[in-house]
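The next block holds one structure in the form of structure tokens; read it before the comments.
What follows is the structure, encoded as structure tokens:
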């Protein structure tokens, strides 16, 4: 390539270069890594895999808030966590002061239910290894996998004008092994779901697992109480029927909202 | 990995594989959508690979009642009953930096499956055309040597398809050192087409590429499918009353609706 000053440099032009694979990749492209607590690791060494009857995965902050308010309690046991986008895998342990983590808990009031909360975003590029890491140590053949996520209504396509649709609303997708439930209608084409929820569902479909995905479409960016409550019908699923929801859920939810709003200082 | 759905066999020795590349305007993928939808091909397997970004949705080809779901994933394999046509549909882009791993895996899979021939559908940037590509047909083909032996007369003489003009250079620097690059296949924006082609060179492989720009690329997808149809006769070509051929009646899949966005409140324009 000739430069402005006339000398010839042995580089090809970026503008017409077909290959871009050699660029440095951001850290979030690195693989995810699961870390289990010592108790779980002993159990894994003995039995090979953990078993549960229901695995609920909250993939974003809205669904995490829902699980936090309605299901989780301080008595739940931490089983492990998945670290994402952390370069030095060898040094990782659950005690690491790293916040890029999805945590897995055993629900105290119903020990066969596991809950996984992704406190920080799992990027689409790292979702493949995230799924591999979690499922390699869980026996999900007879387990009900329930994935919760949220999206904005401006991304929802429908014949019906958006102004006529009441928000927030819930839509579902199921793998072939799971019969559709009647708590909400299925997500229709041309709408699609991407990133971590899609990766979990695709993995389940290929491995013939029973998975359901519930997407809450909302029109607010900073989620509010009605958005979180849109997931409530999920608790009516047959597998969760016997589960007692937290009696102080409303109070907890208000607290979460307050905590969430305090950290958003844009309009103070 | 490739996962065959229970009940189907992977006996594809007489099959033509049609594979799209994620390329400019997604022309290859759209053309494949038309073929699957029109021929009502059966889903026979899944390609599940770390290099393909995750995506799921409901059945892209049929309108289902609101309480039914038939999950579609990022990359799937379809076939007809007689297993003469096998079609891959890839619905999501490849993770940056994983092109090489994926095209190596894919070409190994193609070789193991022993397809009769491989047809790669793709598209290339129209702004990169040279003078002789600007007018006339926008389809270009690239043949591997065994494909050339078998079909070159039919493609070039009978169907009047044009072979891709080999380029000697892409940039001023390379122009000065053009000896090393004399017969270069230059298809910018065509995704992994060239990678698969180079890795499967010993098989009968054909790249079909259309020059286009991003936008509503349905016309290009229909054009590419029509071209392929003139050779493989997938769909009965139709003729009007006077007997002159009409474009094929491709069936538009369900997932193509609302490409210009949601419905809007009609009272806006009262």
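Protein chains in written order, with my numbering: chain U, 818 to 1085; chain X, 3 to 272.
All residues carry an ideal CB built from backbone N, CA and C; glycine is no exception.
### Query
Based on Cα-Cα distance, which residue from X:219, X:161, X:69, X:215 lies nearest to residue 990 of chain U?
For this step, residue 990 of chain U is matched to residue 173 along the first chain. Closest option to residue 990 of chain U, Cα to Cα, is X:69.
### Message
With H, G and I counted as helix, E and B as strand and the rest as coil, what does DSSP make of residue 1025 of chain U?
### Response
Mapped onto the first chain, residue 1025 of chain U falls at position 208. Under the three-state reduction of DSSP, residue 1025 of chain U is assigned to coil, being neither helix nor strand.
### Task
Taking 8 Å as the cut-off, decide whether the C-beta atoms of residue 1056 of chain U and residue 985 of chain U are in contact.
The residue given as residue 1056 of chain U occupies position 239 in the first chain. The residue given as residue 985 of chain U occupies position 168 in the first chain. No, the Cβ-Cβ distance between residue 1056 of chain U and residue 985 of chain U is not below 8 Å.
### Query
Can you tell me the Cα-Cα spacing of residue 870 of chain U and residue 947 of chain U, whole angstroms?
Residue numbering aside, residue 870 of chain U sits at position 53 when the first chain is read from its first letter. Residue numbering aside, residue 947 of chain U sits at position 130 when the first chain is read from its first letter. Each residue's Cα considered, the two are about 21 Å apart.
### Opposing strand residues paired with residue 78 of chain X [DSSP bridges]
Here residue 78 of chain X refers to the residue found at position 76 of the second chain. The beta-bridge partner set that DSSP reports for residue 78 of chain X consists of X:48, X:91.
### Query
chain U beta carbons: is any one of them nearer than 8 Å to that of residue 144 of chain X?
The sequence position of residue 144 of chain X within the second chain is 142, counting from 1. Against chain U, the CB of residue 144 of chain X has no partner CB under 8 Å away; the residue lies outside that interface.
### Task
Let me know if residue 824 of chain U comes out buried or exposed under the rule of 16 or more other beta-carbons within 10 Å of its beta-carbon.
Walking along the first chain from the start, residue 824 of chain U turns up at place 7. Exposed, by the Cβ-count rule.
#### Entry: C-alpha distance - residue 883 of chain U paired with residue 219 of chain X, whole-angstrom precision
Numbered from 1 along the first chain, position 66 holds the residue referred to as residue 883 of chain U. Numbered from 1 along the second chain, position 217 holds the residue referred to as residue 219 of chain X. When rounded, the distance between both Cα atoms is 41 Å.
#### Entry: is_contact[residue 62 of chain X, chain U] using C-beta, thresh 8 Å
Translated into the one-based positions of the second chain, residue 62 of chain X becomes position 60. Taking Cβ atoms only, chain U reaches closer than 8 Å to residue 62 of chain X, which makes this a yes.
### Task
For residue 935 of chain U, return the contacting residues in chain X, with the cut-off set at a CB-CB distance below 7 Å.
Within the first chain, the letter at position 118 stands for residue 935 of chain U. Near residue 935 of chain U there are no residues of chain X at all, since even the closest Cβ is about 14 Å away, more than 7 Å.
### Message
For residue 998 of chain U and residue 1029 of chain U, which I take to be in contact (beta-carbon distance under 8 Å), what is that distance rounded to the nearest angstrom?
### Response
Here residue 998 of chain U refers to the residue found at position 181 of the first chain. Here residue 1029 of chain U refers to the residue found at position 212 of the first chain. Cβ-Cβ separation between residue 998 of chain U and residue 1029 of chain U: approximately 7 Å, consistent with a contact (criterion under 8 Å).
### Three-way DSSP call (helix, strand, coil) for residue 206 of chain X in this model
Taking the first residue of the second chain as 1, we reach residue 206 of chain X at position 204. Coil at residue 206 of chain X, not helix or strand.
### Task
Could you name the residues of the same chain whose beta carbon sits closer than 8 Å to that of residue 1018 of chain U, not counting the 5 residues immediately before and after it, in chain order?
On the first chain, position 201 is the one that residue 1018 of chain U refers to. Residues 964, 990, 992, 1010, 1028, 1030 of the same chain have their beta carbon placed closer than 8 Å to that of residue 1018 of chain U, with the five preceding and five following residues left out of the count.
### Query
Under a three-way DSSP split, which group does residue 1002 of chain U fall into?
In the first chain, counting from the first residue as 1, residue 1002 of chain U sits at position 185. DSSP places residue 1002 of chain U in coil when its eight states are reduced to three.
### Query
What residues from chain U crowd round residue 75 of chain X, counting only those whose CB sits closer than 7 Å?
Sequence index remark: in the second chain, residue 75 of chain X carries index 73 (1-based). Contacts between residue 75 of chain X and chain U, judged by CB atoms closer than 7 Å, involve 1019, 1022 in chain order.
### Task
Could you have a look at residue 859 of chain U and say whether DSSP puts it in helix, strand or coil?
Here the question's residue 859 of chain U lines up with position 42 in the first chain. Assigned with DSSP and collapsed to three states, residue 859 of chain U falls in helix.
### Query
Does the segment 20 to 40 of chain X touch the segment 62 to 82 of chain X, meaning 3 or more C-beta pairs lie closer than 8 Å?
Cβ pair count under 8 Å is three or more, so yes.
### Task
Could you spell out the range, first to last residue, of the beta strand (DSSP E) harbouring residue 157 of chain X?
Your numbering for residue 157 of chain X matches position 155 in the second chain. Note, residue 157 of chain X: premise wrong, no beta strand (DSSP E); not H, not E.
### Query
For the alpha helix (DSSP H) that contains residue 877 of chain U, what are its first and last residues?
The residue given as residue 877 of chain U occupies position 60 in the first chain. Counting along the chain, residue 877 of chain U sits inside no alpha helix (DSSP H), nor does DSSP assign it H or E at all.
### Query
Under three-state DSSP, which class holds residue 174 of chain X?
As a first step, residue 174 of chain X must be located in the second chain, where it is residue number 172. Residue placement at residue 174 of chain X is flagged as unreliable, the pLDDT there being 48, under the threshold of 50; the coordinate-derived value follows with that caveat. Residue 174 of chain X falls in the helix class under three-state DSSP.
### Query
Secondary structure at residue 1072 of chain U, three-state DSSP: helix, strand or coil?
The count along the first chain starts at 1 and reaches residue 1072 of chain U at position 255. DSSP places residue 1072 of chain U in helix when its eight states are reduced to three.
### Query
For residue 991 of chain U, which residues in chain X fall below 8 Å Cβ to Cβ?
Within the first chain, numbered from 1, the residue matching residue 991 of chain U stands at position 174. 71, 73, listed in chain order.
### Query
So the beta strand (DSSP E) residue 27 of chain X belongs to, where does it begin and stop?
In the second chain, the residue the question calls residue 27 of chain X occupies position 25. Unbroken run through residue 27 of chain X: none, as it is neither H nor E.
### CB contact check: residue 945 of chain U to chain X, cutoff 8 Å
Walking along the first chain from the start, residue 945 of chain U turns up at place 128. Taking 8 Å as the CB threshold, residue 945 of chain U lines the interface with chain X.
### Message
Using the Cβ count rule (16 or more neighbours within 10 Å means buried), how would you classify residue 270 of chain X?
### Response
Residue 270 of chain X sits at position 268 when you count from the first residue of the second chain. With fewer than 16 Cβ atoms within 10 Å of its Cβ, residue 270 of chain X is classed as exposed.
### Query
Per DSSP, residue 967 of chain U forms a beta bridge with which residues?
In the first chain, counting from the first residue as 1, residue 967 of chain U sits at position 150. BP columns for residue 967 of chain U point to U:1033.
### Message
Under 8 Å, Cβ to Cβ, is there at least one residue of chain U near residue 266 of chain X?
### Response
Along the second chain, read from residue 1 onward, the residue named residue 266 of chain X stands at position 264. True, the Cβ-Cβ gap to chain U drops below 8 Å.
### Query
Quick one: is residue 1035 of chain U buried, meaning 16 or more other Cβ sit within 10 Å of its Cβ, or exposed?
Counting from one through the first chain, the residue named residue 1035 of chain U turns up at place 218. In summary, residue 1035 of chain U is buried, with 16 or more beta-carbon neighbours lying within 10 Å of its beta-carbon over all protein chains present.
### Task
Flag this pair as yes or no: are the beta carbons of residue 131 of chain X and residue 213 of chain X separated by less than 8 Å?
Stepping through the second chain from its first residue, residue 131 of chain X is reached at position 129. Stepping through the second chain from its first residue, residue 213 of chain X is reached at position 211. Cβ atoms of residue 131 of chain X and residue 213 of chain X: closer than 8 Å.
### Task
Compare the C-beta of residue 1009 of chain U with all C-beta atoms of chain C and state if any pair is closer than 8 Å.
Looking for chain C here will not work: the only protein chains present are U and X.
### Query
Does the beta carbon of residue 15 of chain X come closer than 8 Å to any beta carbon on chain U?
On the second chain, position 13 is the one that residue 15 of chain X refers to. Taking 8 Å as the CB threshold, residue 15 of chain X stays off the interface with chain U.
### Query
In terms of alpha-carbon separation, which member of U:959, U:928, U:944 lies closest to residue 97 of chain X?
Position 95 of the second chain, counted from the first residue, corresponds to residue 97 of chain X. Ranked by Cα distance from residue 97 of chain X, the first of U:959, U:928, U:944 is U:944.
### Query
Are residue 960 of chain U and residue 872 of chain U touching if we call contact CB-CB under 8 Å?
Translated into the one-based positions of the first chain, residue 960 of chain U becomes position 143. Translated into the one-based positions of the first chain, residue 872 of chain U becomes position 55. The Cβ atoms of residue 960 of chain U and residue 872 of chain U lie closer than 8 Å to each other.
### Contact list for residue 974 of chain U against chain X, beta-carbon separation under 8 Å
Translated into positions along the first chain, residue 974 of chain U becomes position 157. Contact note: residue 974 of chain U reaches chain X through 260, 263, 264, using a C-beta cutoff of 8 Å and chain order.
### Query
By Cβ distance below 6 Å, which residues in the same chain neighbour residue 95 of chain X in space, the five residues on each side in sequence not counted?
For the purposes of this step, residue 95 of chain X is taken as the residue at position 93 of the second chain. Within the same chain, and ignoring the five residues on either side of residue 95 of chain X in sequence, the residues whose Cβ sits closer than 6 Å to its Cβ are 24, 55.
### Query
Could you give the C-beta distance for residue 100 of chain X and residue 52 of chain X, rounded to a whole number, given that I count them as a contact under 8 Å?
Taking the second chain and counting its residues from 1, the one referred to as residue 100 of chain X is at position 98. Taking the second chain and counting its residues from 1, the one referred to as residue 52 of chain X is at position 50. About 7 Å; that satisfies the 8 Å criterion.
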